[in-house]
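Comments concern the structure below.
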Amino acid sequence: MLQNADNRNLAQTTRTGLPSYEQSVSPHTEIPPPYEEAIKAKSSDQESSPLSSSPIPIHSISLSVDRAANVSSTPKMKRHVNSSPDQPQLLWLRHFFAGVCAGGVGRTCTAPIDRLRTFFQVYGLDSHGRMTIKDTFTLMIREGGVRSLWRGNLMNVIKVSPETGLRLMSYETFKRLLGQTTTHEIDVFQKFLCGSAAGFTASALIYPMKTIKTRLTIRKTNEYRSIVDCILKIYRGEGLRAFYKGLLPSALAILPASGIDLALYETLKRRLEAYHEHPTNPIEKLVIGNVSNGISQFFIYPLLNVRTRLQSNVDRSDTMTQILKRLWTHHGIRGLYNGFSLHMLRLAPSSGISFLTFEYVSKLLGAKAL
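The numbering of the sequence shown is UniProt numbering, which starts it at 1 and goes up by one.
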């Protein structure tokens with residue numbers, strides 16, 4: 001009889017893929033407390049019922065509860081994955097929009113400084129031939145009022161905003177490709193590579209606009225009637241390559257500058273947060289942004305100087321190395337860094353404001369950055 005019972009148990013196991021009642025119940029079987037209460041209640045109902053003469057297998061109750069738990073938990077798991085803050089939908093678009101806002105706000109906030117710099121160069125001379133910021137600022141206000149401080153800012157915003165958006169969006173994208181997550185931080189060198197690649201990507205896409213802006217800035221009277229006329233004359237007279245003239249020194253400047261700027265900003269911010277054991281405040285972010293940008297610009301300014309001369313087409317037949325050699329021969333180190341202080345007067349505060357705006361807008365859009 002024992003052999004027959006074993007055969008029946010084996011047959012049931014083979015047929016259903018589940019253990020029989022005798023196999024599932026043993027002195028060593030441990031039943032979770034929630035299920036034990038359900039089993040006791042079910043057993044008491046069966047003992048009082050005349051229709052039930054055989055016990056309900058424990059595995060059937062456990063299996064039913066497990067299946068119910070799995071079915072009810074599956075939608076919750078899916079909702080959790082879909083709403084994960086680490087990977088929101090259209091993350092690249094959110095970062096691009098935040099970067100566009102950052103570029104526009106940074107340039108608008110520093111537009112008076114930029115215009116002051118231009119007036120400073122043209123009109124800011126006293127009777128002794130020395131530049132005075134006070135007299136220059138007074139002249140600007142007297143000439144056009146407070147609103148004149150932002151004169152011409154719209155064109156600058158149109159040029160700077162998409163470039164800043166592309167650079168910061170590319171930086172966040174490249175970091176994720178290298179494995180950056182909310183729980184894993186890539187090292188400083190990897191951030192430098194991401195920043196360099198992001199800077200070159202943005203510069204290559206926006207570079208023709210920079211060439212057109214430079215030509216319009218230095219144009220002679222009636223040389224170009226409009227932006228479209230400038231584009232057509234450059235294309236017909238010099239070809240498509242003219243729009244990318246100076247891209248090599250620009251790339252050589254952008255690669256280290258963007259890499260140092262972004263990697264240094266994020267690294268300094270992390271170190272400061274770890275030291276104080278709390279997130280950085282807006283003032284600290286502005287200071288860090290100014291410092292990181294100032295250091296990066298110092299290393300690459302001579303190449304920016306050469307790029308401007310190539311874009312302006314002043315040295316028509318000279319190459320990048322020839323211009324560098326001539327500047328060094330005739331003017332020394334001052335020739336390479338001519339205009340650097342005025343350049344940083346506008347760029348450094350603009351960079352800090354852009355970083356601060358980018359982080360704030362990204363946070364509003366649910367896309368953590370930097």
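The beta carbon of each residue, even a glycine, is placed where N, CA and C say it ideally should be.
Counting only runs of 4+ residues, the alpha helix (DSSP H) found wholly inside the UniProt repeat "Solcar" (280–364) occupies 282–312, 320–336 and 340–364, in chain order. Take the alpha-carbon of Ile141 and the one of Thr201: they are about 39 Å apart. For the alpha helix (DSSP H) assignment, the uninterrupted runs of no fewer than 4 residues enclosed by the segment 85–117 are, from N- to C-terminal side, 91–109. In the DSSP assignment, Lys220 falls outside any alpha helix (DSSP H) and carries neither an H nor an E. Rounded to the nearest angstrom, the gap between the Cα atoms of Val287 and Asp261 is 13 Å.
In the structure shown, Ala367 adopts coil according to DSSP, grouped into three states. Residue Leu347 holds the alpha-carbon nearest to the alpha-carbon of Thr108 among Cys230, Phe97 and Leu347. Put simply, the backbone Cα of Gly289 is about 23 Å away from that of Trp150. Proximity to Ala257 across Arg309, Leu193, Lys245 and Lys285 peaks at Leu193, based on C-alpha coordinates. Sequence-distant partners of Leu264 (beyond 5 residues in either direction) whose C-beta falls short of 6 Å from its own C-beta, in its chain, are Ser292.
Runs of alpha helix (DSSP H) with 4 or more residues, each lying fully within the UniProt repeat "Solcar" (186–271), are found at 188–217 and 227–238, listed in chain order. For Gly165, the enclosing alpha helix (DSSP H) has its first and last residue at Asn153 to Leu177. Taking the C-beta atoms as reference points, Gly339 is found no nearer than 8 Å to Trp328. The beta-carbon separation of Tyr244 and Tyr207, rounded to 6 Å, stays under the 8 Å limit for a contact.
Taking a C-beta distance under 8 Å as the contact criterion, Gly199 and Gly259 qualify as a contact pair.
Beyond the five residues adjoining it in sequence on each side, Glu284 comes within less than 7 Å, by CB distance, of Leu272 in the same chain, given in chain order. Look at Thr138 here: in three-state DSSP terms it is helix. Ranked by Cα distance from Phe358, the options Ile113, Ala98 and Gly106 are led by Ala98.
Apart from the 5 residues on each side of it in sequence, Ala251 sits with its Cβ closer than 8 Å to the Cβ of Phe200, Ser203 and Ala204 in its chain, given in chain order. When DSSP states are grouped into helix, strand and coil, Glu143 belongs to the helix group. Here the alpha carbons of Pro282 and Gly352 stand approximately 9 Å from one another. Counting the other Cβ atoms within 10 Å of the Cβ of Ala369 gives 16 or more, which makes it buried.
The beta carbon of Phe174 sits closer than 7 Å to those of Cys194, Ala197 and Ala198, all from its chain and outside the five residues before and after it, given in chain order. Between Leu364 and Arg94, the alpha-carbon positions lie close to 10 Å from each other. Taking a 10 Å sphere around the C-beta of Gly246, we find 16 or more other C-beta atoms and assign the residue as buried. Distance between Glu163 and Thr221, taken at the CA atoms: about 29 Å.
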